[in-house]
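Be aware that the sequence shown starts at 672, since it is given in the numbering used here, and climbs by one per residue.
The C-beta atom is built at its ideal place from N, Cα and C for all residues, glycine as well.
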Amino acid sequence: MVAPQSRQEHELSNGSRYRPPESPQAGSCSMRVLASIVAIVLLIAAVIFGYFWNLQRAVQQLAVSSSTAHILAWPDRTTLDTRLGTLTGLSNGRVHAFLGIRYGKAPSGEHRFMPPRRADPWSDVLDATTFGKRAWQKTQTATETNDVAQMSEDSLALNIFTPATEDSPRPVLFWIHGGAYVSGSGEYDGSVLAQQGDVVVVAINYRLGILGFLDLSSYGDEFTGSHANGIRDQILALNWVRDNIADYGGDPGNVTIFGESAGGGSVMSILAAPTADGLYHRAISHSGPSVLAVPRKKDDWRQRLADQLSVDITDLATTLKSLPANEIINAQDGANYRTGRAVDGTVVTRTPEQALIERGNNGVPLIAGSNRDEGNFFSRMMPPMTYDMMARGMVPPTAGVSGDEYVDQLAEEYPQDSSKQRIERMLNEVFHRPATNWAVRASAAGPGGWLYRFDLPSQVPDLGAAHALEIAFTFNNFAGGAPDDAFLYDRNDPQVRKLALDWSNTIIRFARSGDPNGAGLPSWPRYTAETRQAMILDAAPRIDANIYLQERTRWGHMESSSAQLQQP
């Protein structure tokens, strides 16, 4: 007689068996002690994971601080005939919005973890008046059923904002959202930027988390490059823009890729992906983290993931292809999987630093930068008891440096720092360091690199100029239709409105010509090894010479001539 199962077991389509994790049972005294130790470890892990999840969710909410609900309330409809079919969009009389246009087929079923496939033309009139489904990601709470209803693997879609006038072709600004490579969407308001600059704004979705950035290459050749499927999605969207954006008034020969946080890192990954060459012509990275030369070790997370799914590690790939997407996301959470931003060798073939030098004058002009108080945003969501542990164990790998030695060096240089101040300083450098690396190499190689730092503090006490706060300035959303409470700044403050106008105009000029200089901001020189001059975006914008001198001494970035940087 077969003993009854202690928990429900499911047979997957691949023949393997999957059971949700079993709750530990009471046993001997030693087992109870062991269970207590395990519980403590899991509690600590849950606290750390909870921090990262809340952080990712908060970044997403903040990044979309410009609230897009008002766009869906635009009163007019507009119809457009394109080479793929006819579609109906929204209009406010000045800008047309075409939302939720598929650029790729659903990467689900047998196509999960595979390269994206181009979407087909449509025969009926396409309703492009609502944002498409979001890529699968964790919801904030178990009760957010509405969020779950908005998620799908059929989420490879883009949103287009184009001026209502007939003029064309216009420069194209191609936005890649942030969210730590595990959250976010392309639901941004590009209407002000489109009208103000007479440009076409495109914002995309792409696969996230395990579904977009999981390295399964050891399970077979069909999974080669799976670690960068999210980047592959972005490149497919760029191919769609090349082939179709002229129908929307855009110039496929003048495309600027720009993005923030994970989107900024994605911009730099695209620069290092040969299959994207020729699809873009300028690049802007806002607060992009480093693209690591070597992916993190696979074995640990693979085993944790297999443990979460209660399957043998040898069955992991086939199990993941058979499970519902929401169960994969839940398993991702339990395994504390951190993802994205590494050279995979197939799609992203070298680091951005190497790519900038190797491409030389065949590269593209680049703006890179970060915010003065990046770390203030993150530290507010960390339990104080975890500051030192996070600094030694989690922040340094994110920055691409080793742990204890880095922390000890900071403690020696800044003995007055509290543990909170120390981790804020480290988190600042996670974003300051790569931006300087990229800008100086873009200048040394030829086309030009410009460095900025966003310094204008928000009206939230002690938040300062934290992570993601520059996004509303980039899109000049203060001049749009979002409600006042969508912002962490006073939209009626003349200094806020002027900086938003000047900075967004700078983005537009750069997209149009490859040079950010013009009316509004001070003259902005390239960031070179010789001068190290950067634009400081504050109430009174200025140029700061020899920026980050003390930090660069610690980083070892003390090149004093461009010639020293011209070797990949």
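Secondary-structure assignment with DSSP links N1042 through a beta bridge to F1125.
Bounds of the alpha helix (DSSP H) holding H1103 are 1090 to 1116. G1152 and D860 have their C-alpha atoms roughly 9 Å apart. Here the stretch 1022 to 1029 makes no contact with the stretch 1184 to 1194; the two share fewer than three CB pairs at distances below 8 Å.
When rounded, the separation of the alpha-carbon atoms in K809 and E1222 is 36 Å. A distance of 8 Å or more separates the beta carbons of I1000 and G891. Per DSSP, the unbroken beta strand (DSSP E) holding H957 starts and ends at 953 to 957. In the assembly as shown, Q1235 is an exposed residue. Its beta-carbon has fewer than 16 other beta-carbons within 10 Å. The Cβ-Cβ distance between S862 and I742 falls below 8 Å. Residue pairing for L844: DSSP places it in a beta bridge opposite V872, T927. At the C-beta level, A1110 and L1122 come within 8 Å of one another. Ranked by how close their Cα comes to the Cα of I928, the residues T946, V938, F1158 have V938 in first place. Taking C-beta atoms under 8 Å as the contact rule, A1115 and S1233 qualify, at a distance of about 4 Å. Assignment of H1138 by DSSP, reduced to helix, strand and coil, places it in the coil class.
Three or more Cβ pairs closer than 8 Å define a contact, and the stretch 1043 to 1062 meets that threshold against the stretch 1096 to 1106.
R1021 has no beta-bridge partner at all, per DSSP. Membership of N763 in any alpha helix (DSSP H) is not indicated, and neither H nor E is assigned to it by DSSP. DSSP places P834 inside the beta strand (DSSP E), whose first and last residues are 828 to 834. DSSP, read as helix, strand or coil, puts M1052 in coil. Classified as exposed, S794 has fewer than 16 neighbouring CB atoms from the shown chains inside 10 Å of its CB.
Looking at the backbone, the Cα of G924 and that of R913 are separated by about 8 Å.
Going by beta carbons, P1036 and G1119 fall inside the 8 Å limit. In the three-state reduction of the DSSP assignment, F802 falls in the coil class.
When C-beta atoms of the stretch 863 to 883 are compared with those of the stretch 829 to 839, three or more pairs fall below 8 Å, so the two segments count as touching. In this structure, A820 keeps its C-beta atom at 8 Å or more from the C-beta atom of H848.
Taking S839 as the centre and dropping the five residues before and after it, the same chain places the C-beta of G920 closer than 6 Å to its C-beta, in chain order. Separation of the CB atoms of A964 and T1022 is rounded to 5 Å, and the pair is thereby assigned contact status at 8 Å. Taking C-alpha positions only, P945 is separated from P1086 by approximately 45 Å. Residues Q1130, V1167 of the same chain have their beta carbon placed closer than 8 Å to that of D1161, with the five preceding and five following residues left out of the count. Under DSSP, L751 forms a beta bridge with L758. A residue is called buried when at least 16 other Cβ atoms come within 10 angstroms of its Cβ; T1199 meets this threshold and is buried. Per the C-alpha coordinates, the member of A1106, F845, A1143, R1183 positioned closest to P960 is A1106. The C-alpha of L887 is placed about 33 Å away from the C-alpha of N1033.
Annotation note: the stretch 889 to 941 contains the following uninterrupted beta strand (DSSP E) runs of length 3 or greater, listed N- to C-terminal: 921 to 931.
Classified as exposed, M1229 has fewer than 16 neighbouring CB atoms from the shown chains inside 10 Å of its CB. Per DSSP, reduced to three states, the secondary structure at A1026 is helical.
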